[in-house]
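According to UniProt numbering, the sequence shown is numbered sequentially starting from 1.
C-beta: ideal position from N, C-alpha, C; glycine also.
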Amino acid sequence: MYHRSETRPVKVGNIQIGGNDQVVIQSMTTSKTHDVPKVVAEINRLAEAGCEIVRVAVPDHRAADAIKEIKKEISVPLVADIHFDYKLALKAIEGGIDKIRINPGNIGRREKVEAVVKAAKERGIPIRIGVNAGSLEKRILDKYGYPTAEGMVESALYHIGILEDLDFQDIIVSLKASDVRLAIEAYQKAAAAFRYPLHLGITESGTLFSGTVKSSAGLGAILSQGIGSTMRISLSADPVEEVKVARELLKTFGLAANAATLISCPTCGRIEIDLISIANEVEEYISNIKAPIKVSVLGCAVNGPGEAKEADIGIAGARGEGLLFRHGEIIRKIPEKEMVAELKKEIDKLAEERKQE
Ligand code: SF4
Numbered sequence: 001m002y003h004r005s006e007t008r009p010v011k012v013g014n015i016q017i018g019g020n021d022q023v024v025i026q027s028m029t030t031s032k033t034h035d036v037p038k039v040v041a042e043i044n045r046l047a048e049a050g051c052e053i054v055r056v057a058v059p060d061h062r063a064a065d066a067i068k069e070i071k072k073e074i075s076v077p078l079v080a081d082i083h084f085d086y087k088l089a090l091k092a093i094e095g096g097i098d099k100i101r102i103n104p105g106n107i108g109r110r111e112k113v114e115a116v117v118k119a120a121k122e123r124g125i126p127i128r129i130g131v132n133a134g135s136l137e138k139r140i141l142d143k144y145g146y147p148t149a150e151g152m153v154e155s156a157l158y159h160i161g162i163l164e165d166l167d168f169q170d171i172i173v174s175l176k177a178s179d180v181r182l183a184i185e186a187y188q189k190a191a192a193a194f195r196y197p198l199h200l201g202i203t204e205s206g207t208l209f210s211g212t213v214k215s216s217a218g219l220g221a222i223l224s225q226g227i228g229s230t231m232r233i234s235l236s237a238d239p240v241e242e243v244k245v246a247r248e249l250l251k252t253f254g255l256a257a258n259a260a261t262l263i264s265c266p267t268c269g270r271i272e273i274d275l276i277s278i279a280n281e282v283e284e285y286i287s288n289i290k291a292p293i294k295v296s297v298l299g300c301a302v303n304g305p306g307e308a309k310e311a312d313i314g315i316a317g318a319r320g321e322g323l324l325f326r327h328g329e330i331i332r333k334i335p336e337k338e339m340v341a342e343l344k345k346e347i348d349k350l351a352e353e354r355k356q357e
């Protein structure tokens, strides 16, 4: 099996996918791509939330024509999602797109495939092959009877073969399924079958709540094995939520550089403060902190500071006040009303220190 750090590095604009132990966060816009001001605003909102690469749907020429204008207004690399029409791919490349998602086997005649590959090669633009359990080639479905992990990898190898025959290797592959177990197996088999970096995703995973659970279960299992160099969490929700979930998931595996994490107690009858609202407020606050710090919010001082020894900074509730602590040591008492504001100041101070280290 190829660990993500052993995969072939592929450049998407200024971002590298594969060839290192990092996982790049992606999402996709929901606005109509031809509505340039709206899609630009959405892309910038996603970038602000921590999205490193954004994909737009390119279903028609109006969308393909808009790419040039969109590119002028954004700083993150842009990916064009194209299904069959090679002319849209050529137009997107012409417009300065940074990557295209298209399956070469679906383009049609060889001259069309060659035209797309030639244009991509000239501009150094990678191609993502997107295998989806729900739309496997008929011959593969006929062979296996239903979507299987073997069939998905066979489909990926078929599309990879077309590109390799044209001496094209800047390839990224996804093998999405809405069945979590199928997706896990497909990614495991793919990581054993080829060295191209893998784009992870559980497709049609559901709403913010159920989709988060399902995606985290599936992608967590895959990430923990060292598989996957980029990912998109697919939710029936604002795409900014996809980015937040992706960041949180990567933090869980120590794969998000420069991110602050929150430790908060589950609460019990010893609680002395309004912990749930404080924890939510602090979580929201640290989502904008770009430094590797652990912050803890605990309901009481009985076990709190000791339980959160690994936290860099934190508060524990006491009667009418809060205890500010660092690495398990209480450093100061703060009146309850000022507790959260003081904690935020300390977080900022610490983040500054870390950035200078
Ligand atoms: Fe209970 Fe205190 Fe532990 Fe929170 S920190 S779970 S309130 S004992």
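Tell me whether residue i sits in a helix, a strand or coil according to DSSP, three-state version.
i	result
Ala341	helix
Arg123	helix
Ile313	strand
Ile74	coil
Val58	coil
Ser264	strand
Ser287	coil
Pro9	coil
Pro335	strand
Asn14	coil
Ile347	helix
Ile293	coil
Glu52	coil
Arg128	strand
Ile271	coil
Glu329	strand
Ala318	strand
Val302	coil
Would you say residue i touches the ligand SF4, meaning its beta carbon is less than 6 Å from a heavy atom?
i	result
Ile271	yes
Gly299	yes
Val282	no
Val295	no
Val302	yes
Cys265	yes
Cys268	yes
Just checking residue i against the ligand FAD - is the residue's beta carbon closer than 6 Å to any of the ligand's heavy atoms?
i	result
Val116	Looking for the ligand FAD in the displayed structure turns up nothing; the ligands present are the ligand SF4.
Shorter than 7 Å from the beta carbon of residue i to some beta carbon of chain B?
i	result
Glu185	Of the protein chains in this structure there is only one, and it is not chain B.
Are three or more beta carbon pairs between the stretch 229-238 and the stretch 11-25 nearer than 8 Å?
yes
Contact between the stretch 57-74 and the stretch 92-109 (3+ Cβ pairs under 8 Å):
These segments touch.
- Task: Note down, one range per segment and in chain order, each alpha helix (DSSP H) of at least 4 residues found wholly within the stretch 81-121.
- Result: 86-94
query: What residue ranges within the stretch 135-172 form continuous alpha helix (DSSP H) runs of no fewer than 4 residues, ordered along the chain?
result: 138-144 and 149-165
Say whether the stretch 317-329 touches the stretch 248-263, bearing in mind that this needs 3 or more beta-carbon pairs closer than 8 Å, one atom from each stretch.
no
Check your understanding: Which runs of the beta strand (DSSP E) fall wholly inside the stretch 177-255 and span at least 3 residues, in chain order?
Key -> 198-200 and 230-232
Pair every Cβ in the stretch 81-88 with every Cβ in the stretch 104-124, then say whether three or more of these pairs are closer than 8 Å.
yes
Note to self: With three or more C-beta pairs closer than 8 Å as the rule, is the stretch 239-254 touching the stretch 159-177?
What the structure shows: no
### Message
Would the stretch 147-165 count as touching the stretch 188-199 if we require 3 or more Cβ pairs under 8 Å?
### Response
yes
Fill in: Whole beta strand (DSSP E) elements within the stretch 17-47, 3-residue minimum
24-28
**Request:** Report yes or no: do the stretch 341-348 and the stretch 283-295 share at least 3 C-beta pairs separated by less than 8 Å?
**Result:** yes
**Asked** Any chance the stretch 51-71 sits against the stretch 34-43, with 3 or more Cβ pairs inside 8 Å?
**Response** yes
Mind the definition here: the stretch 113-126 touches the stretch 5-17 only if three or more C-beta pairs lie below 8 Å; say whether that holds. With a cut-off of 8 Å, the stretch 5-17 and the stretch 113-126 count as touching, because enough Cβ pairs lie within range.
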